[in-house]
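Protein chains in written order, with full-length UniProt numbering: chain A, 1 to 377; chain B, 1 to 377. For each residue, glycine too, the CB sits at the ideal point set by N, CA and C. Only one structure is covered here, and it is reproduced in the block below.
2 protein chains.
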Amino acid sequence: MTVTLSRENERVVHVPLGDRAYDILIGPDLISHAGGEITSRLKVRKAAIVTDENVASQYLDRLVDSLQTDGVETVSLTLPPGEKTKSLEPLAAVCDMALSARIERNDAIIALGGGVIGDLAGFAAGIVRRGVRFVQIPTSLLSQVDSSVGGKTGINSRHGKNLLGVFHQPDLVLSDTSALDSLSEREFRAGYAEVAKYGLIDRPDFFEWLEKNWRDVFAGGPARAEAIAISCQSKADVVVEDERETGRRALLNLGHTFGHALEAATQYDSSRLVHGEGVAIGMVLAHRFSARLNLASTDDAKRVEAHLKAVGLPTEISDIPGELPPTEVLMDAIAQDKKVKSGKLTFILTHGIGQSFVANDVAASEVELFLKETLAR
Amino acid sequence: MTVTLSRENERVVHVPLGDRAYDILIGPDLISHAGGEITSRLKVRKAAIVTDENVASQYLDRLVDSLQTDGVETVSLTLPPGEKTKSLEPLAAVCDMALSARIERNDAIIALGGGVIGDLAGFAAGIVRRGVRFVQIPTSLLSQVDSSVGGKTGINSRHGKNLLGVFHQPDLVLSDTSALDSLSEREFRAGYAEVAKYGLIDRPDFFEWLEKNWRDVFAGGPARAEAIAISCQSKADVVVEDERETGRRALLNLGHTFGHALEAATQYDSSRLVHGEGVAIGMVLAHRFSARLNLASTDDAKRVEAHLKAVGLPTEISDIPGELPPTEVLMDAIAQDKKVKSGKLTFILTHGIGQSFVANDVAASEVELFLKETLAR
Ligand SMILES: NC(=O)c1ccc[n+]([C@@H]2O[C@H](COP(=O)([O-])OP(=O)(O)OC[C@H]3O[C@@H](n4cnc5c(N)ncnc54)[C@H](O)[C@@H]3O)[C@@H](O)[C@H]2O)c1
Ligand SMILES: NC(=O)c1ccc[n+]([C@@H]2O[C@H](COP(=O)([O-])OP(=O)(O)OC[C@H]3O[C@@H](n4cnc5c(N)ncnc54)[C@H](O)[C@@H]3O)[C@@H](O)[C@H]2O)c1
Ligand SMILES: [Zn+2]
Ligand SMILES: [Zn+2]
């Protein structure tokens with residue numbers, strides 16, 4: 001782990017991707033000195049800021065002030081919040097704003113918001129003039145620990161999520177830990193599922209630390225910054241090994257095969273289930289399924305369940321309000337997501353806490369049986 | 001030069017870009033055996049073909065037959081011909097076709113057409129699932145010697161040409177030299193301006209060869225294939241040295257600063273001026289301007305003029321039908337294109353035939369004076 005502490009309470013995670021290397025700064029009140037961080041690290045003269053209504057009302061003025069104080073010309077576009085914003089018309093609007101403002105290759109598009117804004121603005125930054133600088137200022141926990149790191153950008157299509165996009169690494173990530181104070185409890189918890197995921201993938205010590213310290217992570221302060229930094233480091237490690245997702249990066253999908261199926265089965269209705277909640281249930285199921293295949297102990301599955309329950313996340317399919325999806329619907333969603341090849345699918349399984357692995361030959365029939373039993377309970 | 005001859009009359013230019021390396025095959029009737037070339041070189045099971053009406057009527061069936069014979073499932077989209085097709089709605093339509101057909105990362109989008117179709121389809125291939133395979137089957141001379149090589153893709157915006165796009169190298173280029181037989185004489189000549197350009201940049205022997213053999217190039221047969229292969233090799237050499245255009249790749253803009261200004265001044269009205277014609281005039285002007293700055297001899301400028309005139313290309317601003325643009329309009333266009341920095345602009349100048357170089361400090365006032373004199377003649 002190479003998380004380093006710079007100025008008071010500020011952590012830096014370096015992502016060593018050659019000529020696309022960048023730093024992630026993590027600390028309180030970073031938005032207020034974004035201008036200084038950006039101008040001292042990148043030669044940006046102009047910035048086109050993309051944000052959503054919820055975030056703009058809290059942080060846009062502060063960001064603009066800081067940039068202008070440091071001599072950066074700014075324009076901004078505030079979009080409606082929500083997943084629907086990850087589509088073609090908003091993308092065209094962002095590109096048009098950037099081009100109207102004559103953003104050049106060395107100028108920047110800045111994403112100020114959650115993963116929706118980050119994915120959209122990053123895609124625009126990847127295609128305007130075939131690539132301009134990109135600065136992420138993630139404001140949700142999920143975007144601070146997951147979507148702002150790794151360079152995946154994109155929008156949704158009527159055929160599915162994230163089907164159009166580019167790999168475009170940011171030039172700088174500023175994770176303002178105090179901005180999370182205005183995030184809803186539910187969104188914070190959903191993001192926390194991804195934090196716990198890093199422990200479960202390959203950092204048993206981190207998972208243990210979370211079991212002890214999660215209340216401090218929720219409360220804010222150094223424990224929160226520490227959890228975010230370790231999460232970023234975990235994701236960065238995987239991304240550096242496998243930037244374009246051909247192998248190991250698949251580990252990041254722990255809990256996501258079941259999770260995506262649940263999201264699809266609830267029609268992406270966020271009043272019933274948000275992504276991180278699906279992942280929480282999915283991680284518990286992945287551990288139980290591994291135990292059922294005699295790969296891991298049932299005690300580990302119970303430990304995962306206990307921790308996620310403690311923080312207030314759902315851990316059972318039956319925790320989802322409304323009618324339960326039948327097994328067939330879930331299996332269809334899994335087959336869609338994973339392209340079943342001659343009855344086999346790729347799944348992230350585990351030998352225990354922090355011992356996940358990519359299994360390429362899981363029998364679809366085994367998954368189906370497991371889901372039937374789970375739903376029958 | 002490493003142009004190699006494979007089967008009868010087929011030339012291969014290899015573009016060594018590491019894990020993005022690819023081959024350009026050049027020869028007669030390649031469309032008819034495209035299926036074999038594609039399946040033997042890439043593991044493509046499905047292909048989404050993008051083309052335009054002019055090209056589809058001549059070659060689409062032939063391509064589809066060849067692919068299906070070799071077991072490749074195909075879908076296709078035929079768009080209106082012309083520069084307007086390089087815009088957002090057609091891009092969305094191409095992406096949607098590919099996603100509807102469930103094109104996966106190892107499947108391909110195929111561009112069958114000129115530079116418009118290549119730029120559009122290549123952009124789609126760069127963003128569908130964050131990148132799928134891309135096969136270029138360029139059918140205009142310009143696209144065979146220029147736009148199909150190098151990985152620049154894109155569409156236009158209301159703010160200017162090619163402002164949105166990605167770098168996405170093709171996996172294979174099939175340049176069918178017989179397909180050029182159906183190209184209009186005028187489009188062929190326009191593409192030829194770019195062929196001559198490679199000689200003028202840094203291959204004096206090639207320019208001399210063209211002076212002797214241009215009639216055979218226009219007639220078809222081995223001389224045409226040879227000229228295309230050397231052109232591709234020339235462009236590939238520059239691209240390999242400078243994939244993302246930070247330095248040497250600028251040499252490819254020989255004749256283009258004046259050319260673009262003339263295109264802009266004639267409102268991109270192709271009945272008056274097409275791109276290659278603007279480049280032809282621009283190359284003559286670049287050589288005259290270099291002579292005027294005592295960098296090259298006037299004899300060289302005359303030689304360039306004589307050759308381009310011989311093949312039937314325009315060589316004077318006054319060759320453009322309709323009213324002549326005043327100097328100010330041209331200077332404005334040049335300033336727009338090149339971002340004049342404190343009165344200086346970057347220009348491709350020359351010490352003589354095949355001795356072009358990038359000049360970073362050309363005084364805008366010198367260019368203006370030269371243009372005034374040129375227009376006054
Ligand atoms: N690119 C990647 O690698 C990657 C990885 C994971 C997820 N994602 C994407 O991220 C998106 C989900 O991200 P998300 O959960 O951040 O969603 P989001 O951007 O929709 O944010 C969630 C909600 O919180 C609000 N919000 C954000 N920050 C706030 C703050 N500080 N105060 C008050 N409200 C705030 C937003 O307005 C929104 O209503 C999905 O589209 C997903 O596909 C991308
Ligand atoms: N990506 C790059 O590096 C690059 C480089 C140079 C130019 N370009 C782009 O290329 C485009 C110009 O390319 P172009 O000149 O091929 O234009 P184009 O694609 O419009 O083709 C010119 C015309 O010829 C027709 N045509 C093409 N092949 C034919 C054939 N075999 N038989 C009959 N008709 C045929 C087309 O339908 C069209 O009407 C511009 O948009 C330019 O920006 C891109
Ligand atoms: Zn996730
Ligand atoms: Zn050109």
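Under the three-state reduction of DSSP output, aspartate 299 of chain B falls in the helix class. Under the DSSP definition of a beta bridge, valine 50 of chain A partners with A/Leu77, A/Ala111.
Assigned with DSSP and collapsed to three states, valine 72 of chain A falls in coil, not helix or strand.
Under the DSSP definition of a beta bridge, serine 66 of chain A lacks any partner.
In chain order, Lys197, Leu200, Ile201, Met283, Ala286, Ile348, Ser356 place their CB closer than 7 Å to the CB of leucine 254 of chain B, counting only its own chain and leaving out the 5 sequence neighbours on each side.
Taken in chain order, the complete alpha helix (DSSP H) segments of 4 or more residues contained in the segment 292-373 of chain B are 298-311, 327-338.
Taking a C-beta distance under 9 Å as the contact criterion, histidine 260 of chain A and alanine 376 of chain A do not qualify as a contact pair.
According to the DSSP assignment, asparagine 213 of chain B belongs to the alpha helix (DSSP H) that extends over 204-219. Cβ-Cβ distances below 7 Å link threonine 327 of chain A to Glu368, Leu371, Lys372, Leu375 in the same chain, with the five nearest sequence neighbours on each side left out; the list follows chain order.
Taken through DSSP and simplified to helix, strand or coil, valine 132 of chain A comes out as coil.
For leucine 142 of chain B, the Cβ falls inside the 8 Å cut-off from some heavy atom of ligand 4.
A distance below 7 Å between beta-carbons, with the five flanking residues on each side excluded, links glycine 36 of chain A to the following residues of its chain, in chain order: Asp70. With the criterion set as a beta carbon lying under 7 Å from some beta carbon of chain A, the members of the segment 127-147 of chain B are Ile127, Val128, Arg129, Arg130, in sequence order. Not one beta carbon of chain B lies nearer than 9 Å to the beta carbon of serine 66 of chain A. Serine 157 of chain B reaches chain A at Cys95, Asp96, Leu99, counting residues in chain order whose Cβ is nearer than 8 Å. Leucine 324 of chain A counts as exposed, since fewer than 16 other C-beta atoms from the protein chains shown sit within 10 angstroms of its C-beta.
The alpha carbon of leucine 345 of chain A has as its nearest neighbour, out of A/Leu330, A/Ala363, A/Arg158, A/Met331, the alpha carbon of A/Ala363. At least one heavy atom of ligand 4 lies closer than 8 Å to the C-beta of glutamate 194 of chain B.
When distances are taken from the beta-carbon of glycine 259 of chain A to the heavy atoms of ligand 3, the shortest one is below 8 Å.
In terms of side-chain proximity, the C-beta atom of histidine 168 of chain A is found no nearer than 8 Å to any non-hydrogen atom of ligand 4. Relative to the Cα of valine 15 of chain A, the nearest Cα in the group A/Met331, A/Val238, A/Glu366, A/Arg272 belongs to A/Val238.
Looking at the DSSP output, proline 138 of chain A bridges to A/Gly113. In the assembly as shown, aspartate 61 of chain B is an exposed residue. Its beta-carbon has fewer than 16 other beta-carbons within 10 Å.
If the five residues before and after threonine 85 of chain A are omitted, its C-beta is found closer than 7 Å to the C-beta atoms of Asp52, Leu79, Val116, Leu120, all from its own chain and listed in chain order. Take the alpha-carbon of leucine 112 of chain A and the one of phenylalanine 123 of chain B: they are about 27 Å apart. For the pair serine 297 of chain B and isoleucine 353 of chain B, the Cα-to-Cα distance works out to about 10 Å. The CB of valine 166 of chain B comes closer than 8 Å to the CB of Gly126, Ile127, Arg130, Gly131, Val166 in chain A, given here in chain order.
Residues of the segment 72-97 of chain A with a C-beta atom less than 8 Å from some C-beta of chain B are Leu88, Ala92, Cys95, Asp96, listed in chain order.
Residue burial annotation: lysine 46 of chain B is buried, with at least 16 other C-beta atoms found within 10 angstroms of its C-beta. Within 8 Å of the C-beta of glycine 150 of chain A there is not a single heavy atom belonging to ligand 3. In the three-state scheme derived from DSSP, where H, G and I count as helix and E and B as strand, isoleucine 103 of chain A is classed as coil.
Spatial neighbours of valine 217 of chain A in its own chain (CB-CB distance under 6 Å, excluding positions within 5 residues in sequence) are listed in chain order as Ala223, Arg224, Ala227.
Taking a Cβ-Cβ threshold of 7 Å, none of the residues of chain A is close to leucine 120 of chain B; the smallest such distance is about 13 Å. Between the segment 155-165 of chain A and the segment 17-24 of chain A there are fewer than three inter-stretch CB-CB distances shorter than 8 Å, so the stretches are not counted as touching. Taking one beta carbon from each stretch, the segment 81-96 of chain A and the segment 22-33 of chain A have fewer than 3 pairs nearer than 8 Å; the two do not touch.
With respect to chain A, the C-beta atom of glycine 150 of chain B has no partner C-beta closer than 9 Å.
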